[in-house]
Every structure is written in C-alpha cells, then in structure tokens.
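So the sequences go chain by chain: B and R.
Numbers 1 to 343, taken from our numbering, label the letters of the first sequence in order.
Numbers 344 to 583, taken from our numbering, label the letters of the second sequence in order.
Every residue gets a Cβ at the ideal spot worked out from N, C-alpha and C, and that includes glycine.
In this text the structure is predicted, and so the values were computed from the model without any measurement.
Data block below; observations after.
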Amino acid sequence: MSGTTSSLVPAILREYGDLTRATLATYLPSREPRRYLYDLLSDYPQRGGKMMRPSMCIAAARLFGAQLEDAINTAVAIELLHNALLIHDDIEDGSEKRRGRPTLHLLHGIPLALNAGDTLTLMSFRPLLDNRVRIGERLTLRIIEETERMARECAEGQAMELGWRRYNTTEIGDADYLEMVLKKTCWLSTIYPIRVGALIGSRDSIDLSPLLRYGFFLGAAFQIQDDLLNLVGDDSYGKEVNGDIWEGKRTLMLIHANRRSTAKERARLSEILCRPREGRTLPEVRWIRKLMDKYGCTEYGRKIAHGLAGAALHEYSLISAGLPDSRDKTFLEQMVTWVIERN
Amino acid sequence: MGDRKRLHRDDPARIAPVRNFSKLYSRSSSVNGAHATKAAQPDAPRRTTGGGPLAEGVELAYNVIEKYIAEGRQTAEGFSNQPYATRAPNDNLQVLVERVLRFQAEMLPLWIETLATLVKVDPAQNGHAPSSDLWPRSNGAPKAETMAVTIEVVSLRPVQVSVELRPNSEPQSLVALGLSAVDSEKPILKDISLVPDEIAGRIKLRLRIPESQPPGTYSGVIVNRENGETRGTLSVRIAD
C-alpha cells in the first residue's frame, strides 16, 4: 500500500462512473411531465459527483470474479438511490447548496423535490429487477434483500441524527456518533456497494461479515473527512462551508467541543443548537466554530479519521489476501487513502 | 531459611486488563480461503502504548462494529433456530429422523447447484442493459459456455457443497485453493481436487472431509493456475 493516492483511484472513478452514468441515463424517462418530474430526476446526477459508490460495487464484483456487465445494473441502482436520498437529506437538513448549485427544493419547492426523491427511490428497483436476465433470479433476490436491509439501516441512522437535532440531544458520545454513521452513511456509501459487488462476484458463496468491518471503517473515515471539509473547505467544496453548524449536525467535532467545553460554554452551545436553522445568527455560528478551534476539534477529528483508515486497510488486507492482484484490488485498497486525502 | 535462594516468579507481562483495540484484530479472517495471518506480520497494527484520540477512536469503532455484528448474529440465530425450537427432541429415534430430514434438506440445494452448472446459459441482453461491446470481456469469448461438474464427497457427516464456475473455464487449469471458515481458529479444508474428465466432457470435484474437521461453512475460490485468475467459488457446509 502506498502512502499517498496514485492516479488509479481518480481514473477508475472516472471510468466506472462514466459507464454507470451512461447506463443510468437509459433509465431516466424523457417523456412528460418533464418540467415537474423528469427534469428534476436528472438534475443531481447531471451535476457530477464522485461516483464512489457505483465504482466500489463494480470493483468488488470484478475482484471476486464477475464481469463488469454483471454489476452495472446494481451500480446504477445504487447511484439512483443515492441521488434520491440526497434530495430528501437536503430537505430534511435545510441545505442550500448541492454540488456547487442550489439544492433541488430551493429551485422547485419542497413538494416537487420530495416527489422527485420518491420517484428516484422507486426507479432504483427497475435496474435491480433487470438483473434477473444477466445474473439470475437467486442473486437478484439476494441483492434485493441486501437493498432492503441497507434502506432500513439508512432510515434508522437518519432518524437518529434528525432526532438528536429535533430534541436537542447534547449528551452524545463518540460511540453514539459512530453507530449513527454506521447506519446513516456507511451502509449506502461503502458497506452495501461492496457487499452486493462481492455477492455478484462470488455468486453468494462467501461470508460478508469481514466486508462489513472494512466498509464501516472506510465509510466512517469518509464521513468524518466530509464533516472536516465542511469546516475548512475552500471554493472547490460543493457545499455550504460551516453548513453543518448552521444545521446543528452532531458531528464528531461538535460532540468533542461540547465534551471539552466549560459549563458556561456548554449552556450557550445548547441554547444555540436548540433553535431551528433560521433562528441561528452568523456570530453564533462563528462562535461555535471558534469553540472547535479552541479545543482542537478538527485535529481530533482528523486523528480519528486517520485511525479508522488504518483499520480499514488492515481489514482489507485480510479480505484480499488470497485474491489475485488486479486494478480493482488495488483500487479498493487505495480508496482508503483517497477518502481521507480528498478535498 | 539459611542461604536458600527465594523462588521468584518473573514479573507478569501484563498487570492491567487489556482494553486495547489491537486484540480485536485477531478476530477477523479472510473471506477467500487465506487465513488471517496478517496480524502476526510486522506491518500489522500493533498494540498501542500511548493511547490518544487515534487509538481510542479505533478501539471505540471496533467496539461499535463488533457489537453490531454480534447483535446481527444473535438475530440471525433466532431466525434460523425457529424450525428446530418448536419441539425438543427427547429420544434418539426423533433425533435420527430430524437429522435425516435435515440432511435431505441440505442435500437439495446441492443438487440444484450441480444441475445449474449443467444448463447452458446464453445471457441475453435485456432492454435496459448496456450493449456488451461497451466493455471488453475478460475472456474474449463472445458466448458463455458452462461446464458440468460431478461432485464426489468422502465424509462421515452430511455435507452441502455449492460450486460456481465461470463460463469458459479451462478444466485442466483449474485448482481450488484451501477453504477457510470465518472463525480463523478452524483448520483450512485442503483435501480438494479438480480433475477434468475428458471422456464424459465434465469436471470432477473431489472433496474429502477429515473426521476431525469442525462443523461449519468453509469457502474459497477456484483459480486458473496458469494466470491466477479467479474462475469460480466453492463453499462447503459441514453439519454437526
């Protein structure tokens, strides 16, 4: 394993991402009502995105012996579902920017955006059902079972985070945060793509538990890095800088700040966080950001992310030990470094 | 007591409970046939001495995921035990009948799997699937050709075998790597051979289960010995 990410990760993300996008386009209808529905469905996918999830699915499938065509439909389903959840997340979080542009609900209003998100979710099942022709009924059903589990885990994780905000829960520890991230982020972002990829490649003949560990450590490192970028991101960052503080998101850095604060600081923090986003002011957001600096929260988050990346590399070395060397094998290894080095 | 020297035990290597994440590394095992030997190698993570956010964070994360996996296993066991939990077997005949029924149930998937390899599959394109010329096939073959497999198992216990072979595999080059269990303590299942039966036009998979082999599921890959390419998977479930 090299210390830094080579050009392989961006190259494969581009290659598998382009193929996924091309196939995804065939699933998006171009009929009416375009203005109120189908144009909205293609909006987020057309804005770009890293294509990390479908690429990991394809790479895992190939790593375990499948051909690319065996995994492409599942990769498309993952990307459709990811975009559906982004629309819903943006509404739930009150986010203003997505991939450098206004969020869908700001452009079209919440009802139309919500409907577009629902439609994308349902449409993600079509490529999964089309899997029958290529990989057979049994594997198709197994993938749908995994999809059902992933959707349930995601909903539970999202509920945990939204509930903490809704009821201004401040007594949250790092373990609570990691459990929430495991469900909300890791299942869709890393665990599910790798597991269904491995299912396809191995024809459902391997134990998937070790992939759960790798996917969790990788996904958690990815999420913490994402939260760090939200605090220190530059112009290339596609979302609103300090948006997580505005939204009152319980990130690892906010949890650490709360834990290290004095009683007086903690009381003020709680008072600010209990209000809805529009009730917070810019000076208050800046105060929270300074509090994070005072207690070294970004450094703390960075260290945890790096530790989790190390654990992910270790778990991956166990998974891949007996598999033949390939681009996909190296890609899945280098993804670990890539998630914590990206900006 | 005189000049007798007092017996003195060496100081213990550890004087406090091990609450370090590094001990957890040993739980994992490979999913593809190789055992988890990495932990013993120099580049594997070592027990940390200083703690700090990094080590504590990793320890915490391991605790979270191991608890999560344990809960999942517990739930799964709850489901899989249901059919057998309805009535406690209280006589030997009952136990025997249940074992026979279970054996039959376990053998059924074997035959389904075996027959599946006999069927010639022509993967037709569906309306939505991309055309196959977007990607070069790894084996360069335009049409998939599957191969029949005869399975010979020598075992004193019921065994379920699942074998999946990629189309267009060359029978004379196939080799099955050792099959391993999730529990890395269990020995690798090694006595496997893949022999081409050119007269019958099929491949013969021979498998011998040692008497001492612990029950459980063992899996691994079938590779082309010429180029190391993965050509299929093999999974064996040994009953209690």
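Buried or exposed: where does Y177 of chain B fall if 16 or more other Cβ atoms within 10 Å of its Cβ makes it buried?
buried
If you check the beta carbons only, do Y44 of chain B and R99 of chain B fall under 9 Å apart?
yes
Just the chain B side, please: which residues come within less than 7 Å of P396 of chain R by C-beta, in chain order?
Y300, K303 and I304
May I ask you to list, following chain order, the residues of the region 209–220 of chain B that have a beta carbon less than 8 Å from some beta carbon of chain R?
S209, P210, L211, L212, R213, F216, F217 and A220
In angstroms with no decimal places, state the Cα-to-Cα distance between L13 of chain B and S55 of chain B.
6 Å
From this set, B:T140, B:W338 and B:D328, which residue's C-alpha is nearest R62 of chain B's C-alpha?
B:D328
Closer than 9 Å, CB to CB, is T418 of chain R near chain B or not?
no
So does the region 213–232 of chain B actually touch the region 296–313 of chain B, counting three or more Cβ pairs closer than 8 Å?
yes
Contact under 9 Å by Cβ, N230 of chain B with T262 of chain B:
no
Check whether the region 294–309 of chain B touches the region 196–210 of chain B, counting contact only when three or more Cβ pairs, one atom from each stretch, lie closer than 8 Å.
no
Distance cutoff 9 Å, beta carbons only. Does S516 of chain R sit that close to anything in chain B?
no
With distance defined between alpha-carbon atoms, name the residue in B:A113, B:L114, B:E179 and B:R289 nearest to L403 of chain R.
B:E179
Any beta-carbon of chain B closer than 9 Å to the one on V525 of chain R?
yes
Which residue's Cα is closest to the Cα of T560 of chain R: R:Q515, R:K533 and R:R580?
R:R580
Using a threshold of 9 Å, state whether the C-beta atoms of R551 of chain R and V496 of chain R are closer than that.
yes
Under 9 Å, do T23 of chain B and N73 of chain B count as touching if we go by C-beta distance?
yes
Once DSSP output is grouped into helix, strand and coil, what is the label at A66 of chain B?
coil
Which whole-angstrom value is the C-beta distance of F68 of chain B and L120 of chain B, which I expect to be below 8 Å?
The amino acid at residue 68 of chain B is misidentified as Phe; the sequence shows Leu. Wrong, their Cβ atoms sit about 24 Å apart, outside the cutoff.
Do E92 of chain B and L106 of chain B have their C-beta atoms within less than 9 Å of each other?
no
For S320 of chain B, which option in B:V241, B:H88 and B:I194 has the closest C-alpha, if you only look at C-alpha atoms?
B:I194
Going by other Cβ atoms of all chains shown within 10 Å of its Cβ, with 16 needed for buried, is R134 of chain B buried or exposed?
buried
Contact list for S261 of chain B against chain R, beta-carbon separation under 7 Å:
Neighbours of S261 of chain B on chain R: none; closest Cβ ~17 Å, over 7 Å.
Cβ-Cβ distance between V492 of chain R and V566 of chain R below 9 Å
no
From the beta carbon of L548 of chain R, is the nearest beta carbon of chain B less than 9 Å away?
no
Residues that T493 of chain R contacts on chain B, provided the C-beta gap is smaller than 8 Å
Per Cβ cutoff of 8 Å: no residues; T493 of chain R is ~19 Å from chain B at best.
Can you name the start and end residues of the alpha helix (DSSP H) that R545 of chain R belongs to?
First-last for R545 of chain R: R545 to R551, but that is the beta strand (DSSP E), not the alpha helix (DSSP H).
How would you list, in chain order, the residues of chain R whose beta-carbon sits under 8 Å from the beta-carbon of A175 of chain B?
L403, N406 and V407
Chain-ordered chain B contacts of V504 of chain R [CB-CB under 8 Å]:
Near V504 of chain R there are no residues of chain B at all, since even the closest Cβ is about 11 Å away, more than 8 Å.
Return no unless some Cβ of chain B is closer than 9 Å to the Cβ of I412 of chain R.
yes
Within a Cβ cutoff of 7 Å, which residues of the same chain sit near L86 of chain B, ignoring the five residues on either side of it in sequence?
Y44 and R98
Under the three-state DSSP convention, the category P501 of chain R falls into:
coil
Cβ closer than 8 Å: which chain B residues qualify as neighbours of V566 of chain R?
P324
Stretch-stretch touch, CB-based, cutoff 8 Å, three pairs: the region 267–275 of chain B with the region 157–173 of chain B:
yes
What number of angstroms, rounded off, separates the C-alpha of N511 of chain R from the C-alpha of A71 of chain B?
19 Å
Could you give the first and the last residue of the continuous beta strand (DSSP E) run that contains D540 of chain R?
I535 to D540
At 7 Å on the CB atoms, spell out the chain R contacts of G279 of chain B, in chain order.
Per Cβ cutoff of 7 Å: no residues; G279 of chain B is ~32 Å from chain R at best.
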